Amino acid sequence: MMVSESIASLRGHFTENSGKKRGFIPTMGALHDGHMSLVEQARRHGADYLIASIFVNPTQFAPHEDFSKYPRSLEADLAKLAAAGVHEVFVPQAHDIYRDGFATEVTIRGLSEQLCGPFRPGHFAGVATVVLKLFTLVKPHVAVFGEKDFQQLQIIRRMVSDLELGIEIIGVPTLRESSGLAQSSRNRYLVENERAAAAQIYATLLATRQDLLQLPTGTDSVEKIGEILNQGKAKLTAAGFMKIDYLAWVWNDSLLPVTAKPQKTQATRLAVAAFLGHIRLIDNIAV
Ligand code: AMP
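Mapped onto the working numbering, the consecutive letters of the sequence shown carry residue numbers 218 to 504.
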């Protein structure tokens, strides 16, 4: 497995694998089985040259967020990627990605303003900008993202479609622990009793979905939906979540709130963001 620590090195390897189908798995490292399932999906979609990146992107963290404390485990990450058959890993430095005077920002309007948007100002512009730059450098045919970050996935799909980047975007179902807790790099900060509480986030999503599915179709049920979502939030509070940014039922395409139960609930998603102590957890399921 080749490790490229600079843009120059990445470019140097490019000609050696031209003709191959390039599958790209962008990550921030601290890899877990969820990340490895993305590698597997890239392969299943026919990629025969697998490139992962590990880059904790400073511009997607707000000043009060956990950039400096974000878990970093490069040696272990490289061992996992090599064992999974990844061909190349791009591990750039921030000053290589953001040269002096870097002034470009990519904004995906609308989608970036929903769900996490108001709570994480600048986050999705940071994500979109770095992903576009990584796409430009890595030149993948296929790129793989987790449904765990559903808003991010939809934003990347929109960007690829709007800018006609010609990259196939694959969304991969969330890999969970046996408790139902979505695997996440930040889970390693959870102490034991928080882990038990964290599992309630998935249990609450499932129970809330069940309640939503029992609503009559079509009728204007915005108040009923609100009540069900409030009950879900109360469950999270009872489980020990101190701050709930949102529990929302949204359309997949626009991420706007569902205001009446549709015929096809598969086109919608139930999404949540809530804090256990200082740790912000997000999760979502199809409805
Ligand atoms: P991150 O390193 O957290 O930025 O995540 C890198 C990629 O892995 C993103 O596309 C995430 O959506 C995806 N991912 C993170 N956790 C999971 C999970 N539990 N299951 C599937 N994909 C995941």
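For every residue, glycine included, the Cβ atom is placed at its ideal position computed from N, Cα and C.
All of these numbers come straight from a predicted model, not from anything done at the bench.
Exercise. Are the beta-carbon atoms belonging to Ser401 and Lys365 less than 9 Å from one another?
Worked result: Closer than 9 Å, so yes.
Problem set entry | Ile325 - DSSP class collapsed to helix/strand/coil | In this structure, Ile325 counts as coil in the three-state DSSP scheme.
Exercise. Under 8 Å from any heavy atom of the ligand AMP, does the C-beta of Ala264 make it?
Worked result: No - the ligand AMP has no heavy atom lying nearer than 8 Å to the Cβ of Ala264.
For this session: Would you kindly work out how many angstroms separate the C-alpha atoms of Arg228 and Leu255, rounded to a whole number?
Result: Cα to Cα, the separation comes out at about 23 Å.
For this session: Give every residue of the same chain whose Cβ lies closer than 6 Å to the Cβ of His312, excluding the five residues on either side of it in the sequence, and list them in chain order.
Result: Counting only Cβ-Cβ distances below 6 Å, and skipping sequence neighbours, we find nothing.
Exercise. Any heavy atom of the ligand AMP closer than 8 Å to the Cβ of Ile242?
Worked result: Yes; taking the cut-off as 8 Å, the Cβ of Ile242 has a heavy atom of the ligand AMP nearer than that.
Exercise. Going by C-alpha distance, which of Gly457, Ile499, Leu432 and Gln480 is nearest Ala518?
Worked result: Summary: the structure shown does not reach residue 518, with the chain confined to residues 218 through 504, and so no result is reported for it.
Exercise. Going by the beta-carbon positions, is the gap between Gly240 and Val389 smaller than 9 Å?
Worked result: No.
For this session: Pair every Cβ in the stretch 325-341 with every Cβ in the stretch 466-486, then say whether three or more of these pairs are closer than 8 Å.
Result: A contact exists between the stretch 325-341 and the stretch 466-486.
For this session: Could you spell out the range, first to last residue, of the alpha helix (DSSP H) harbouring Asp428?
Result: Segment Glu409 to Leu430, the alpha helix (DSSP H) holding Asp428.
Exercise. Beta carbon of Ile397: closer than 8 Å to some heavy atom of the ligand AMP?
Worked result: According to the sequence shown, residue 397 is Gly rather than Ile. Remark: the shortest separation between the CB of Gly397 and any heavy atom of the ligand AMP does not fall under 8 Å.
For this session: State the Cα-Cα distance for the pair Arg260 and Ile268, rounded to the nearest angstrom.
Result: If you take the alpha carbons of Arg260 and Ile268, they lie about 11 Å apart.
Problem set entry | Integer Cβ distance of Val306 from Met218, believed to fall under 8 Å | With 8 Å as the limit, Val306 and Met218 qualify as a contact, their Cβ atoms being about 6 Å apart.
Exercise. Nearest to Ala301 by CA position, among Phe341, Val273 and His249, is which residue?
Worked result: Of the candidates Phe341, Val273 and His249, His249 places its Cα closest to the Cα of Ala301.
Problem set entry | Proximity winner among Glu394, Gly457 and Ile442, relative to Ala414 (alpha-carbon distances) | A check of alpha carbon separations from Ala414 across Glu394, Gly457 and Ile442 identifies Gly457 as the nearest.
Exercise. Looking only at DSSP bridge pairs, what is Gly363 linked to?
Worked result: DSSP output for Gly363 lists Val389 as bridge partner(s).
Problem set entry | Sub-9 Å separation of Gly288 and Tyr406 beta-carbons | According to the sequence displayed, residue 288 carries Pro and not Gly. Going by C-beta atoms, Pro288 is nearer than 9 Å to Tyr406.
Exercise. Do you know whose CA, among Ile325, Val361, Glu411 and Ala320, lies nearest Ala455's CA?
Worked result: The shortest CA-to-CA distance from Ala455 to any of Ile325, Val361, Glu411 and Ala320 is the one to Glu411.
Exercise. Just how far apart, CA to CA, sit Glu292 and Pro309?
Worked result: Separation of Glu292 and Pro309 (C-alpha to C-alpha, rounded to the nearest whole angstrom) is 15 Å.
For this session: Just mark Gly236 as buried or exposed, buried being the case when its beta carbon has 16 or more other beta carbons within 10 Å.
Result: Answer is exposed; the Cβ neighbour count stays below 16.
Exercise. Which value, in whole angstroms, describes the spacing of the CA atoms of Pro479 and Val504?
Worked result: Pairing Pro479 with Val504, the inter-Cα distance amounts to about 11 Å.
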